[in-house]
Amino acid sequence: MKQARVNAITPAASVVLWFFILGPSIATADGEAPLEGRFWPVEHWQAIVLIAMVVVQGLLIVALLLKRRLCSEGRNTMAEGRVELLHASRLTVVGQLSASIAHEINQPLGAILSNADAAELMLAKADPDLDEVRLILADIRKDGLRASEVVRQVRTLVQKRKPKFIEFDLQVVAREILQLVAPIAESRGVTILTEFSSEAVHVRGDPVLLRQAMLNLLLNAMDALMDLPESQAKIKFSAALPQPGRVDVVVRDYGNGLPELQRDNLFSAFFTTKEHGLGLGLPIVRSIVEFHGGRIHAENHSDGGALFRFTIPAAYVAGEANHSAGEPV
Amino acid sequence: MTTEMQATVHVIDDDESLRTALARLLGAAGLNVRTYSGAGDFLLNWQAGGAGCILLDVDMPGGPSGPELHNALAQRDDALPVVFLTGHGDISMGVAAIKSGAVDFLTKPVERECLLAAVRAAIAQNCADREAQAKERELQASYQSLSPREKEVFVQVTAGRLNKQIAYDLGTCERTIKAHRAKVMEKFHIHQFVDLIKIATRLNIE
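Protein chains in written order, with our numbering: chain A, -8 to 320; chain B, 751 to 956.
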């Protein structure tokens, strides 16, 4: 604001000054002596002031320009830093999921290879069953698409990108995450109970970021259930519209809950209770939720276990007049 | 004697697409194949007793895992040799599988030669095992068919004692011992004394 005011004042002031400085020289221009001889002795003070004014103004302009550039650079670095951080944390998540990703890719690849081998053996026979070979080719195509779909999903998870806001159904993304997490939950003996509403839950936001937020919460919940008996190894995961215009995502575990001391620090960066944790999971979830104009909070459920709930604005969908428009930041 | 032609490869994998592909490949290579969608499916539908081997997926969500099924089956007398197949194997997993008696530990995607070699090795192992078992059962049956006195003579003879020593111990004459010995050889269908010693070793008789 200050900068704008200074910018407005300087041109006005300079016009006035120029008028005073040039005024006398124009008035005396019709004297007898030649101009060259008279200019310096008569007008040198005006000339000096004039030059000084020009220099000062020039310096001021340069300084303001520099300041503006520094500001915008700072903003850019901050935004880049946030993108970097999100990217890094996505890479961590991909690391945790690597076993399940490898499984998901190797499964179709194995089928493709074996199918191709089988077809080769069949065609080498004197009387090959061409119908069978056609079936094999169709299956190879299907598995090729399946593998490339997995690769696409992993790519969207690790890609370095700027957040992009679109309108989408949060439940679709939630189901995709469940597929990704299911093998890990299975191997750890954790049951994930889901509670999705029958209607679509439209939000306006970045699906990749929100996927990351939900993934972090689920992986966190699973870590909390480590070494607990089967009766406690449960997670409830729900995404619903409790009120028009509001979307609630809840991840609740049935573990031992959050110790009182940790609750204040939960969302601070580099605060961790895990041996190999970085302490970035929950801060990232919070930054994503706040980025979408929402809020997150954690509490202990009255029946035991920790509960994380984040709330973001729902998107306005034509035909659903009772849903107010979501206004992301 | 069982051969590869009579053996069945039991393919257990939760992924239908891969299961079908493996069945086609093994079928095209001239093997009999049966497929199962998981450990439960296998336990319900497997007809025990036949020769063959199991091609077992390690990670099967929604049921016992491959190693769990393997360990459960290993308790049985008619257990089939197992070839493991995994989407993401690591060294510890492979070592654990081999230690628990698996024939091979392959990673997906698996090459045809590796897969067929492993499956054939497993079948060959099963055939050899079955043959050895049949032979042992036969020997046991022959041994059980010996009279108590013949058993006694058999034990003493194979322990390296002379006929007359045995005759003295049993309070009879050498001629009777010779007759018993001949009877034992006859019941085991052998002609040479050295084979009798081999049988004794096999039956673990001292």
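Idealized CB from N, CA, C, for every residue including glycine.
Task: Neighbour-count burial assignment, B:Q894, 16 or more Cβ in a 10 Å radius - done: exposed
- [ ] Check whether the segment 837 to 850 of chain B touches the segment 864 to 871 of chain B, counting contact only when three or more Cβ pairs, one atom from each stretch, lie closer than 8 Å.
- [x] no
Task: Beta-carbon spacing of A:A170, B:D765 below 7 Å - done: Note on identity: in this sequence residue 170 of chain A is Gln, with Ala being the wrong assignment. No. Outside cutoff.
TODO: With distances taken Cα to Cα, identify the nearest neighbour of A:E186 among A:E167, A:S229 and A:R202.
DONE: A:S229
Open item on the list: Just to confirm, is the Cβ distance from B:W892 to B:F938 under 7 Å?
Closed with: Looking at the sequence shown, residue 892 of chain B is not Trp but Ser. Yes, these two residues count as a Cβ contact at 7 Å.
- [ ] Residues of the segment 840 to 865 of chain B with a CB closer than 8 Å to any CB of chain A: list them in chain order, please.
- [x] If you check each beta-carbon in the segment 840 to 865 of chain B against every beta-carbon of chain A, the ones closer than 8 Å belong to T857, K858, P859, V860, E861, R862 and L865.
Task: 7 Å Cβ cut-off: residues of chain B touching A:M113 - done: A778
Open item on the list: Going by beta-carbon coordinates alone, are A:I168 and A:M205 separated by less than 7 Å?
Closed with: yes
Open item on the list: I want to see whether chain B comes within less than 7 Å of A:Q144, judged by CB atoms only; does it?
Closed with: Residue contact check for A:Q144 against chain B: no CB pair falls below 7 Å.
Task: Top-ranked residue by Cα proximity to A:D214, from A:V172, A:V141 and A:R237 - done: Ranking A:V172, A:V141 and A:R237 by Cα distance to A:D214 puts A:V172 first.
Task: According to DSSP, residues forming a beta bridge with A:K325 - done: The structure shown does not extend to residue 325 of chain A, since chain A spans only -8 to 320, so no value can be given for it.
Open item on the list: What are the residues in the segment 172 to 188 of chain A lying within 8 Å of chain B by C-beta distance?
Closed with: So the close ones are A173, P174, E177 and S178.
Open item on the list: Ignoring anything shorter than 3 residues, give me the beta strand (DSSP E) runs that lie fully in the segment 842 to 878 of chain B, in order along the chain.
Closed with: Listed in chain order, they are 854 to 857.
Open item on the list: Helix, strand or coil for A:L171? Go by DSSP, reduced to three states.
Closed with: helix
Open item on the list: I need the straight-line Cα distance from A:N247 to A:G295, nearest angstrom please.
Closed with: 6 Å
TODO: Between the Cα of A:E177 and those of A:G49, A:Q234, A:L216 and A:A191, spot the shortest distance and give me the residue it belongs to.
DONE: A:L216
- [ ] Verify the CB distance criterion: does B:R774 have a CB-CB separation below 7 Å to chain A?
- [x] yes
Task: Buried versus exposed, by CB contacts within 10 Å (16 or more), B:A798 - done: B:A798 is classed as exposed because its beta carbon has fewer than 16 other beta carbons within 10 Å across all chains shown.
Task: A:D108 - DSSP class collapsed to helix/strand/coil - done: helix
- [ ] May I have the straight-line CA-CA distance separating B:I804 from B:I762, to the nearest angstrom?
- [x] 7 Å
Open item on the list: For A:V241, which residues in the same chain have their Cβ closer than 6 Å to its Cβ, ignoring the five residues on either side in sequence?
Closed with: S229 and R300
Task: Cβ of A:L104 within 7 Å of any chain B Cβ - done: yes
- [ ] Could you check if B:G816 is buried or exposed, using at least 16 other CB atoms within 10 Å of its CB as the buried criterion?
- [x] buried
Open item on the list: Does the CB of A:Q98 have a neighbour CB from chain B at under 7 Å?
Closed with: Closer than 7 Å to some Cβ of chain B, the Cβ of A:Q98 qualifies, so yes.
Task: Cα-Cα separation between B:D919 and B:F904, rounded to whole angstroms - done: 14 Å
Task: Given 8 Å, three or more beta-carbon pairs between the segment 127 to 137 of chain A and the segment 765 to 774 of chain B - done: yes
Task: Beta-carbon neighbours of A:A138, restricted to chain B and to distances below 9 Å - done: Result: empty, since nearest Cβ-Cβ is about 10 Å, beyond 9 Å.
Open item on the list: Check whether the segment 827 to 842 of chain B and the segment 785 to 795 of chain B touch, using three or more Cβ-Cβ pairs below 8 Å as the test.
Closed with: no
TODO: Give the straight-line distance between the Cα atoms of A:L100 and A:A117, rounded to the nearest whole angstrom.
DONE: 28 Å
Open item on the list: Let me confirm a value: A:H314 is counted as buried when at least 16 other C-beta atoms fall within 10 Å, else exposed. Which label applies?
Closed with: Here the model assigns A:H314 a pLDDT of 42, short of 50, so the residue's position is not dependable and the matter cannot be decided.
- [ ] Taking only beta-carbon positions, decide if B:G837 is within less than 7 Å of chain A.
- [x] yes
Task: Extent of the continuous beta strand (DSSP E) to which A:P198 belongs - done: Element bounds for A:P198: not the beta strand (DSSP E) but the alpha helix (DSSP H), P198 to A215.
Open item on the list: Please state the DSSP three-state secondary structure of B:G802.
Closed with: strand
Open item on the list: Any beta carbon of chain B sitting closer than 7 Å to that of A:A109?
Closed with: yes
TODO: Using a Cβ cut-off of 7 Å (strictly closer), state whether A:D120 contacts chain B.
DONE: Chain B contact via Cβ: absent.
- [ ] Taking C-beta pairs closer than 8 Å, name the residues in chain A that B:S767 reaches, listed in chain order.
- [x] Q98, P99, A102, D130, K133, D134 and R137
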